[in-house]
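Peer 1: Chains A and B supply the protein sequences, listed in that same order. Counting from 1, one number per residue, gives the positions in the first sequence under my numbering. Counting from 690, one number per residue, gives the positions in the second sequence under my numbering. First, the structure itself, so that you have it in front of you.
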Amino acid sequence: MSGWRIGADIGGTFTDLVLRDDQTGAVALEKLLTTPEQPDDAVIAGVAALVDRSGLAAAGLDALLHATTLFTNALIQRRGAKTALITTAGFEDTIEIAREHRFDMYDLRMRRPEPLAPKALRFGVVERVMPDGSVHTPLDEASLAEAVRAVRTSGAEAVGVCLLHAYANPAHEQEVAARLAADLPEVAVTLSSEVAPEIREYERTSTVLANAYVQGIAERYLDRMLSRLAELGAPERLFVMQSDGGLLTPSTAARLPIRLVESGPAAGALAAAAHARAMGLKNVISFDMGGTTAKAALIVECQPLTAPEFEIDRRYKFHAGSGLPVRVPVIEMIEIGTGGGSIARVDALGRLQVGPESAGSAPGPAAYGRGGDKPTVTDADLILGRLGEKSFLGGDMALEIEAARNSVDADLSSLALSTEAAAAGIVAMAEETMAQAARIHAIERGVDLPDFTVFAFGGAGPVHAWGVAERLGTSEIVYPASAGVMSALGLLTAPIAFERARGLTCLLDDVDYETVNAALSALAAEALAEVEQAQPGQPSISRAVFLRYQRQIQEVRVPIRSGDALDRAAVEQLKTDFAAAYRAIYGRASEAPIEAVSWRVTASFPTPPAPFPEMAPGSGEADVAIKGQRPLWIGGEFVEVPVYDRYRLGRGHRFEGPALIEERESTVVLAGPAEAEIGDFGEIRVKRA
Amino acid sequence: MSLPDDPLAIDLLWSRLIATVNEQAAALMRTSFSSIVRDAGDLSAAVFDRRGRMVAQAVTGTPGHINSLATGMSYILERFPIETIGEGDVIVTNDPWKTASQLHDISVVTPLFRNGHLVAFFGSCCHTPDIGGRGLGADARSIHEEGLFIPIMKLMEAGRMNATFQAFFEANVRTPFEGMKDIEAQMVGNQAGADQLAAFLESAGLEDIEDLSDIITDRSEAAMRARIAELEDGEYEAELECDGFDAPLTLKLRLEVRGDSLTARYVDVPPRAQSGINVALNYTAAYTLYGLKCALSPDIPNNDGALRPIAVDAPRGSLLAAEYPAAVCGRHMIGHYLPTLVFRALAEARPENVLAGGFDALWDTHVFGDDDGTGKAYSLTWFSSGGVGAMHGLDGLSATAFPSGVAATPIEVAEERGPIRFLYRKLREDSGGAGRWKGGLGQSMAFEVGGRGPVWFSTMYDRVRTTAPGLFGGGDGAPGSVVAEPGGALSAKAVHRLEPGTIVRLDLPGGGGYGPAETGQ
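Structure, rendered in structure tokens:
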């Protein structure tokens, strides 16, 4: 161990890298344009550049920690493998029938997403397992042979296997896999009992298909990355981030790529959590606003909240139910269609609406002068002095204020307002929408937002965090340094960890200790096997169970405190802990019987030290960083406010709002009275007055 | 303090008011106990001003709940005039005539007080898992067989639970614990909405929402009137056949457009049925308004103002305006057809904004018995959907809930909860009507019942005697069927006694096509 690591995050536009020398604590950053055709190109180029710049030898690289949107994009753009489905005969249409649901009440043209495996690629095998794992009908050889033949004839490159109740007994799925491996060795296979062994056949099938769909891409991509790292002299040093914030080895990642889909945003949330720990903040809401969407995650007691499931590609105005459900552990994130490119318009009732339609980056906001003529949030920001005409992207891209004003005047004329007042309306409506989504998420999770600190990053996050905080009633906002590479930084804070889950429903008053302990041991062995080869040392094991009151739907994750075999005392402890957790979330507990739904075991190595280098104390007063003045629209009029150069502010510098602080990727807008101070790690800590 | 003049400030206040009901719904969903609320989303939430006018509703729920809650509030204020409601009071009812036309649908209303004055109400309506009586079914002869009737009454008074109500409720339903927990969840949700509104009024410097409510409802009304005025004056008529209880019956609708007002008048309505398919006028209005909204104004917010320009009328005491003591538990088997009837009336005027006929009435299955094989009683209820009608440019949705919007129960969950095994569940090939755009497919499923002793199988199915009609020359969808082996064809609206080992096969109806098939070739 020579003690240096690199975090590399491939985003839609940029590939960000951060190198940290764990011995000196020194950090170096690199930002390159993403290379969509061959995404590893930018990563390898970035690694080479960082190594070169830092004067280190590539062979000394301890770990390249990686997050990528590659698999999400393949699913959204439907660029994955030709994927077949093998399922219990008679249930081939489960994936299409879904939950029979509609996600918009009034839109007659609403459509659910197309299944990843069309009807012609769905094949049944005769077999039947019951909810208790017993076999009602053994797997029929002839039907299996026929299904495998059909897969071969179809030319499918990947197969998902999802048999009813396979979470309770995977034997039939394993037989199918063995036969596929023997007859069609070149076809990638995903089993539901491996990728998501939990009850609910539609969600499980959806997960299996999504995994199979991107398995080939993952395998080829990770292979190439490994061999190119080997060429650089750093073989076997790659780790990949999962959606729940744990790191995986490439071999596991290639098998279960669906676990990686939200890796970039997860890494961003981890960065926020690590900042919270380093700064002594307990509860934080991370607020990441980009060009088309805003994302928020709740970090409670320095831990991001997680969920057992999420939806990829909510393509109908980000509505729940309009995407592909996948049952994998994720850091819980809300995403709404409000970004810098969100378009403003006036609806049938004469009301101002902002988003979710977006001008994206092409044609982009009117101010970009690239052919866009619809007014966007960015245009409004420019009109109101929140963004500078000549300082956007460090001055590399001039913004056209006349184009911005014209777009607002043309499209929002029916409001009969001044250009500035209409622009202020756009900003207010965008911030209101984001604050409402955050507040509803907080209610769903039973937390009280005024106690939280807003942690703002992303290109538009620092521009709008003030307004969001104001609407949430929170007084503290933190603007981290290096906000443009937050996910890459977050990668460096992640532990190597892997969680295995199994559905096994039983009442806590009625636990079959032998079965449950056998399952827990098996899960622990499986989880350990995934992480043990990753680094030297002994990983630790933690266990949890999802509990609910009998027949209730909402489950609560409760840690199993004892490390030994589960016994009556441990179960009594679970009951007490569940009641306490339940009361904390819902305000009251009940006398109803408690039911265990799924059991989870995580093997993990310790969390590495925070990667944020301490900043040098600033010399003199903060005034040295003032590079000018600019009129900023506050409360219905323009007010002259100082514009600070963030790169000239040092630790301990204090100043007051209202103010603007410009950096290359964004602008911090303090739109009212506030105390601001530069913290130990270069972060701007703001207290609204 | 008065409202700001700035129109944008009003837009923001409006948006914030809508947020309070979404927050109310989120808190309700989070704390509810039963799967029907959480999994199926069978709930509604809304805020009312002092005058009982619905100002905003959550973007969730079923049309039957939402629109009937809107009208129900006026009955609640009739029973308890505003000066008789105190701080800490909560009101409850399941009166079918005054709210959602079924005893299972319980409405809970919580007032918000500020500085000693009542300023608003938060109300919600949820489907309770059980309300006693015969259980969910359409074969009762009168409301008295259908379960516990809760007149409009105080659930809480000055912050204290009405213990008499609770005792009566718990003694009369099969699932007292879950039922009470859901009612409590409704109170929690209402309170969450009320707390948010209180904070909102405080920060906006407003005493109440009366002025804001005037602006919101007036603007919504004006927008709705503009939409109606775009229709030519005149009468738009349609009729639609459905199964009925004993024999098929025909529903007839006449939309009367006069300038910017619209009356939806049901004519030649069959008399009250001697079974549970009767519909209270509230529910008739709810689904009629829903159909009109889908076709004319999906983008206009649903509130008292948007509903004002429309009147819904049916002869008193008829099937569509049933009165006490009619049985109403299966009212959706008639009520769910009303949006299709509205679409057919508007088809010539708005050919691109309407659907061909669909399966429409949600299929409710209830399987229960005293012994699941281990000596425990069990009770399984699930909802299933057939094919939706096609529309201009789009084939109909297959196996999708319209108009109800209620989600299905996973097979694995049903099998885990009772002695039942499904043999198949698949899309029903060729069940959609032919057409330039084809009707949605129904689905087929079969299940074997198990356990020991008799198994009770309650059917609430429709479109087994009639078909979903195509539009503009599109073909009809295939009708449904229900068959037992052994036993043969079964009645679609009855409680059947089955022996363990019996296999039940359900074929759900397909939707109608749109436009003649040839033109698309």
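For glycine and all other residues, C-beta sits at the position ideal for the given N, C-alpha and C. All of these numbers come straight from a predicted model, not from anything done at the bench.
1. With 16 other CB atoms within 10 Å as the buried threshold, where does Thr906 (chain B) fall?
2. Which word fits Gln38 (chain A), buried or exposed, when buried means at least 16 other C-beta atoms lie within 10 angstroms of its C-beta?
3. Comparing C-alpha positions only, which one of A:Ala59, A:His66, A:Thr306 and A:Ala26 sits nearest to Ala692 (chain A)?
4. In chain A, which residues lie less than 9 Å from Gln1132 (chain B) when you measure between Cβ atoms?
5. What does DSSP give as the partner residue(s) for Leu65 (chain A) in the beta ladder?
6. Output the distance between the C-alpha atoms of Asp1053 (chain B) and Tyr1150 (chain B), rounded to the nearest integer angstrom.
7. Ignore the nearest five residues each way along the sequence and tell me which others in Val427 (chain A)'s own chain have a CB closer than 6 Å to its CB.
8. At a Cβ threshold of 9 Å, is Phe1072 (chain B) touching chain A?
9. So that I know if they touch, is there some Cβ in chain B lying closer than 9 Å to that of Leu164 (chain A)?
10. Can you look up Cys983 (chain B) in the DSSP assignment and give me helix, strand or coil?
11. Given 8 Å as the limit, is there contact between the segment 1134 to 1146 of chain B and the segment 1181 to 1195 of chain B, that is, 3 or more CB pairs closer than that?
12. Against chain B, does His275 (chain A) count as a neighbour if the rule is that its beta carbon must be under 9 Å from one of theirs?
13. Let's see if you can read the secondary structure: which residues bound the beta strand (DSSP E) around Arg543 (chain A)?
14. Can you give me, in chain order, the residues of the segment 183 to 209 of chain A that have a beta carbon less than 9 Å from any beta carbon in chain B?
15. Tell me the DSSP secondary structure of Gly923 (chain B) in three-state form.
16. For a contact meaning CB atoms closer than 8 Å, what does Leu352 (chain A) contact in chain B?
17. Report the three-state DSSP secondary structure of Glu1188 (chain B) (helix, strand or coil).
18. With DSSP collapsed to three states, give me the class of His806 (chain B).
19. Per DSSP, Arg345 (chain A) forms a beta bridge with which residues?
20. Measure the alpha-carbon distance for Asn861 (chain B) versus Ala1103 (chain B) and round it to whole angstroms.
21. Any C-beta of chain B sitting closer than 9 Å to the C-beta of Ala147 (chain A)?
22. Name, please, each residue of chain B whose Cβ falls closer than 8 Å to the Cβ of Thr505 (chain A).
23. Can you tell me which of the three DSSP states Trp786 (chain B) falls into?
24. If we cut at 9 Å on Cβ distances, does Ile541 (chain A) have a partner in chain B?
25. Taking Cβ positions only, does Phe866 (chain B) come closer than 9 Å to chain A?
26. Give me the Cβ distance between Ala1088 (chain B) and Gly1078 (chain B), rounded to the nearest whole Å; I'm assuming they're in contact under 8 Å.
27. If I follow the unbroken alpha helix (DSSP H) through Thr34 (chain A), where does it start and stop?
28. Mind checking Arg79 (chain A): buried by the 16 CB within 10 Å criterion, or exposed?
29. Given this structure, state the Cα-to-Cα distance separating Glu776 (chain B) from Val545 (chain A), to the nearest angstrom.
30. Relative to chain B, which residues along the segment 77 to 93 of chain A have a C-beta separation below 8 Å, given in chain order?
31. Opposite Gly1058 (chain B) in the DSSP bridges: which residues?
32. Within 10 angstroms of its Cβ, does Thr667 (chain A) collect 16 or more other Cβ (buried), or is it exposed?
33. Counting only C-beta atoms, is Ile1192 (chain B) closer than 9 Å to chain A at any point?
34. Distance check for Glu591 (chain A) and Ala442 (chain A), CA to CA, integer angstroms please.
35. Taking the beta carbon of Asn992 (chain B) as the centre, do at least 16 other beta carbons fall within 10 Å, making it buried, or is it exposed?
36. On a CA-only basis, which of A:Ala659, A:Arg122 and A:Leu449 is nearest Val639 (chain A)? Give me that one, please.
Peer 2: In short:
1. The residue given as residue 906 (chain B) occupies position 217 in the second sequence. It is buried - the Cβ of Thr906 (chain B) has at least 16 other Cβ atoms within 10 Å.
2. Residue 38 (chain A) sits at position 38 when you count from the first residue of the first sequence. By the neighbour-count rule (16 or more Cβ atoms within 10 Å), Gln38 (chain A) is not buried but exposed.
3. No statement about residue 692 (chain A) is possible, as the shown extent of chain A runs from 1 to 689 and does not include it.
4. Your numbering for residue 1132 (chain B) matches position 443 in the second sequence. The answer, in chain order, is Asp93, Ile97 and Glu100.
5. Stepping through the first sequence from its first residue, residue 65 (chain A) is reached at position 65. Per DSSP, A:Gly7 and A:Phe239.
6. Stepping through the second sequence from its first residue, residue 1053 (chain B) is reached at position 364. Stepping through the second sequence from its first residue, residue 1150 (chain B) is reached at position 461. Distance between the alpha carbons of Asp1053 (chain B) and Tyr1150 (chain B): 7 Å.
7. Counting from one through the first sequence, the residue named residue 427 (chain A) turns up at place 427. Same-chain partners within the cutoff: Ala380.
8. Taking the second sequence and counting its residues from 1, the one referred to as residue 1072 (chain B) is at position 383. Cβ-Cβ to chain A under 9 Å: yes for Phe1072 (chain B).
9. Translated into the one-based positions of the first sequence, residue 164 (chain A) becomes position 164. Yes, contact with chain B.
10. Numbered from 1 along the second sequence, position 294 holds the residue referred to as residue 983 (chain B). Under the three-state reduction of DSSP output, Cys983 (chain B) falls in the helix class.
11. yes
12. Looking up residue 275 (chain A) in the first sequence gives position 275. Chain B, which has no Cβ nearer than 9 Å to the Cβ of His275 (chain A), makes this no.
13. Within the first sequence, the letter at position 543 stands for residue 543 (chain A). Segment Ser540 to Tyr549, the beta strand (DSSP E) holding Arg543 (chain A).
14. Result list: Ile199, Arg200, Glu201, Tyr202, Glu203 and Arg204.
15. Numbered from 1 along the second sequence, position 234 holds the residue referred to as residue 923 (chain B). Strand.
16. For the purposes of this step, residue 352 (chain A) is identified with residue 352 of the first sequence, where counting begins at 1. Correct list: Leu697 and Asp700.
17. Counting from 1 along the second sequence, the entry for residue 1188 (chain B) is found at position 499. Note: Glu1188 (chain B) maps to coil in three-state DSSP.
18. Here residue 806 (chain B) corresponds to residue number 117 of the second sequence, with the count starting at 1. In this structure, His806 (chain B) counts as strand in the three-state DSSP scheme.
19. As a first step, residue 345 (chain A) is located in the first sequence; it is residue number 345 there, counting from the start. The partner list for Arg345 (chain A) (beta bridge, DSSP) reads A:Gln353.
20. Counting from 1 along the second sequence, the entry for residue 861 (chain B) is found at position 172. Counting from 1 along the second sequence, the entry for residue 1103 (chain B) is found at position 414. Spanning the two alpha carbons is a distance of roughly 26 Å.
21. Numbered from its first residue, the first sequence carries residue 147 (chain A) at position 147. Closer than 9 Å: no.
22. Here residue 505 (chain A) corresponds to residue number 505 of the first sequence, with the count starting at 1. What Thr505 (chain A) touches in chain B: Glu1105.
23. As a working mapping, residue 786 (chain B) is identified with position 97 in the second sequence. If DSSP states are grouped into helix, strand and coil, Trp786 (chain B) belongs with coil.
24. Residue 541 (chain A) sits at position 541 when you count from the first residue of the first sequence. By this cut-off, Ile541 (chain A) is not an interface position.
25. As a working mapping, residue 866 (chain B) is identified with position 177 in the second sequence. So, interface residue.
26. Here residue 1088 (chain B) refers to the residue found at position 399 when the second sequence is read from its first residue. Here residue 1078 (chain B) refers to the residue found at position 389 when the second sequence is read from its first residue. The Cβ separation is near 13 Å, so there is no contact.
27. Taking the first residue of the first sequence as 1, we reach residue 34 (chain A) at position 34. Note, Thr34 (chain A): premise wrong, no alpha helix (DSSP H); not H, not E.
28. Taking the first residue of the first sequence as 1, we reach residue 79 (chain A) at position 79. Exposed is the call here.
29. By 1-based counting over the second sequence, the position of residue 776 (chain B) is 87. By 1-based counting over the first sequence, the position of residue 545 (chain A) is 545. Going by the C-alpha atoms only, they are around 42 Å apart.
30. Listed in sequence order: Ala89, Gly90, Phe91, Glu92 and Asp93.
31. On the second sequence, residue 1058 (chain B) is found 369 positions in, with the first residue counted as 1. Looking at the DSSP output, Gly1058 (chain B) bridges to B:Tyr1067 and B:Val1144.
32. Translated into positions along the first sequence, residue 667 (chain A) becomes position 667. Thr667 (chain A) comes out buried.
33. Within the second sequence, the letter at position 503 stands for residue 1192 (chain B). No, no contact with chain A.
34. Residue 442 (chain A) sits at position 442 when you count from the first residue of the first sequence. Residue 591 (chain A) sits at position 591 when you count from the first residue of the first sequence. Between Ala442 (chain A) and Glu591 (chain A), the C-alpha separation is close to 26 Å.
35. Taking the second sequence and counting its residues from 1, one reaches residue 992 (chain B) at position 303. Answer is buried; the Cβ neighbour count reaches 16.
36. To locate residue 639 (chain A), count along the first sequence from 1; it is residue 639. Per the Cα distances, A:Ala659.
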